[in-house]
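In this note's numbering, the protein residues as written are 3 to 334.
Just so it is clear, CB atoms sit at the ideal spot from N, CA and C, and this is done for glycine as well.
Predicted model, so just to flag it, every value in this text is computed and none were measured.
Scroll down for the structure; my scribbles are underneath it.
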């Protein structure tokens, strides 16, 4: 997502979006924006509210209270118009397995009112893009898991949607097929400007792909921001590597002995690694090294992973608490 995208009207805007099923609050007062061309991650365990949120945004379910606007449409009142501009890939996509890939895509192109004169060309282009041309006239039931996933992605794109909902798009794929799907998501966002909502349990994948993530727990927003922002706010300690001149290495090690709170200092040649240090304490450590004459060549910090962030959030969260301060700041 480019910085200029934030100057455009949001592709998705929600305010206090809520959905109740009897006594169960599946989505609880969600307020967030998603910008054009952004890859936006929805993270959370099963039952966190991810799927219900997607159904609300796409007009499949109506909200109990609150509001949503998607691509300028009211998802409930204008759901049919909205769904012509969105594509959906579910975790277990249902394909017409007795039909060929070409037939599957042709049917969906017609369902989405792709002009008749453009259907054949668009179908052929998608088959080529997803490396299915050689098997285009074979029944989909004989495809491998990876081929079926590529086929389902092609189907989701047949009407050239501005917004894509992808639910576990690499689940069950071998590493090569998963890499191909990840590269496609990047291309859709960065080169084609499509907005992507990515639902996933794969935190490594989310860190690679997402511009921002929202973490859900029992339908509530625990946090919202870039992985870097969330790491800075939620993970207090991180690893730091300091490269010093060989002649001042001993000075540095002696200085560390006088700094409280430092443990397990590791040395590799002229590089010193501090596996865990408070983020706010890093400038002070560097200043103390410089004060005793240590020649510092570089300082490298290791950003917390989304996995670190995810577990930090769940350690802090209590079932009765509202969304964290991080979420509140982003929602303002």
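Thinking just about the alpha-carbon of each residue, which of the options is nearest to the one in residue i?
{"i": "residue 241", "options": "162, 267, 272 and 228", "result": "267"}
{"i": "residue 345", "options": "99, 215, 29 and 98", "result": "Beyond the ends of the chain as shown, which are 3 and 334, falls residue 345; an answer cannot be given."}
{"i": "residue 45", "options": "74, 244 and 229", "result": "229"}
{"i": "residue 231", "options": "312, 143 and 122", "result": "312"}
{"i": "residue 243", "options": "95, 302 and 48", "result": "302"}
{"i": "residue 165", "options": "256, 148, 200 and 259", "result": "200"}
{"i": "residue 1", "options": "47, 12 and 292", "result": "Since the first and last residues shown for the chain are 3 and 334, residue 1 lies out of range."}
{"i": "residue 81", "options": "69, 92 and 60", "result": "60"}
{"i": "residue 280", "options": "263, 66 and 292", "result": "263"}
{"i": "residue 274", "options": "130, 79 and 255", "result": "255"}
To the nearest angstrom, how far is the alpha carbon of residue i from that of residue j?
{"i": "residue 181", "j": "residue 42", "result": "18 angstroms"}
{"i": "residue 324", "j": "residue 223", "result": "Note that residue 324 scores a pLDDT of 44, beneath 50, so its modelled location is shaky and nothing firm can be said."}
{"i": "residue 20", "j": "residue 101", "result": "40 angstroms"}
{"i": "residue 235", "j": "residue 227", "result": "10 angstroms"}
{"i": "residue 327", "j": "residue 72", "result": "Because residue 327 sits at a pLDDT of 43, beneath the cut-off of 50, its placement in the model cannot be relied upon, and the following sentence gives the value as read from the coordinates. Going from the Cα of residue 327 to the Cα of residue 72 covers about 26 angstroms."}
{"i": "residue 252", "j": "residue 282", "result": "25 angstroms"}
{"i": "residue 205", "j": "residue 309", "result": "6 angstroms"}
{"i": "residue 132", "j": "residue 114", "result": "20 angstroms"}
{"i": "residue 143", "j": "residue 99", "result": "4 angstroms"}
{"i": "residue 116", "j": "residue 284", "result": "57 angstroms"}
{"i": "residue 112", "j": "residue 121", "result": "8 angstroms"}
{"i": "residue 249", "j": "residue 272", "result": "9 angstroms"}
{"i": "residue 77", "j": "residue 63", "result": "9 angstroms"}
{"i": "residue 94", "j": "residue 74", "result": "29 angstroms"}
{"i": "residue 17", "j": "residue 269", "result": "51 angstroms"}
{"i": "residue 202", "j": "residue 48", "result": "10 angstroms"}
{"i": "residue 138", "j": "residue 66", "result": "44 angstroms"}
{"i": "residue 189", "j": "residue 15", "result": "24 angstroms"}
{"i": "residue 35", "j": "residue 26", "result": "25 angstroms"}
{"i": "residue 333", "j": "residue 300", "result": "With a pLDDT of 40 at residue 333, under the threshold of 50, the predicted position of this residue should be treated as unreliable, though the coordinate-derived value follows. Each residue's Cα considered, the two are about 37 angstroms apart."}
{"i": "residue 31", "j": "residue 145", "result": "42 angstroms"}
{"i": "residue 69", "j": "residue 134", "result": "41 angstroms"}
{"i": "residue 136", "j": "residue 79", "result": "42 angstroms"}
{"i": "residue 119", "j": "residue 130", "result": "19 angstroms"}
{"i": "residue 329", "j": "residue 259", "result": "Residue confidence for residue 329 is low, a pLDDT of 43 falling below 50, so the modelled location carries little weight and cannot support an answer."}
Looking only at DSSP bridge pairs, what is residue i linked to?
{"i": "residue 212", "result": "According to DSSP, which records beta bridges pairwise, residue 212 is partnered with nothing at all."}
{"i": "residue 167", "result": "90 and 199"}
{"i": "residue 71", "result": "15"}
{"i": "residue 52", "result": "Residue 52 pairs with nothing; no bridge assigned."}
{"i": "residue 137", "result": "Residue 137 pairs with nothing; no bridge assigned."}
{"i": "residue 300", "result": "245"}
{"i": "residue 26", "result": "23"}
{"i": "residue 421", "result": "Residue 421 is absent from the structure shown; the chain starts at 3 and stops at 334."}
{"i": "residue 223", "result": "218"}
{"i": "residue 294", "result": "The partner list for residue 294 (beta bridge, DSSP) is empty, contrary to what the question assumes."}
Give every residue of the same chain whose Cβ lies closer than 6 angstroms to the Cβ of residue i, excluding the five residues on either side of it in the sequence, and list them in chain order.
{"i": "residue 277", "result": "241 and 266"}
{"i": "residue 2", "result": "Any answer about residue 2 is impossible in this case: the structure gives the chain only from 3 up to 334."}
{"i": "residue 163", "result": "87, 88 and 89"}
{"i": "residue 123", "result": "none"}
Leaving out five residues on either side along the sequence, give the residues of the same chain with a beta carbon under 8 angstroms from the beta carbon of residue i.
{"i": "residue 140", "result": "102 and 103"}
{"i": "residue 184", "result": "172, 207, 210 and 211"}
{"i": "residue 8", "result": "37"}
{"i": "residue 125", "result": "104, 107, 108, 111 and 160"}
{"i": "residue 297", "result": "246, 247, 249 and 250"}
{"i": "residue 187", "result": "41, 168, 171, 198, 200 and 211"}
{"i": "residue 292", "result": "298"}
Tell me whether residue i, by its Cβ, gets closer than 8 angstroms to a heavy atom of the ligand GDP.
{"i": "residue 146", "result": "Summarising the ligand content, the structure contains no ligands, and the ligand GDP is consequently not present."}
Near residue i, what residues of its chain come up, given a Cβ to Cβ distance below 7 angstroms and the 5 sequence neighbours on each side ignored?
{"i": "residue 261", "result": "287 and 290"}
{"i": "residue 157", "result": "106, 107 and 110"}
{"i": "residue 128", "result": "107, 156, 159 and 160"}
{"i": "residue 10", "result": "37 and 38"}
{"i": "residue 148", "result": "175, 176 and 179"}
{"i": "residue 294", "result": "253 and 257"}
{"i": "residue 97", "result": "106, 142, 150, 153 and 154"}
{"i": "residue 92", "result": "169"}
For residue i and chain B, any beta-carbon pair shorter than 9 angstroms?
{"i": "residue 145", "result": "The structure shown has no chain B; it contains just one protein chain."}
Count Cβ pairs between the segment 192 to 200 and the segment 79 to 87 that sit closer than 8 angstroms; are there 3 or more? no
If contact is defined by three or more beta carbon pairs under 8 angstroms, each pair taking one atom from either stretch, is the segment 52 to 60 in contact with the segment 12 to 29? yes
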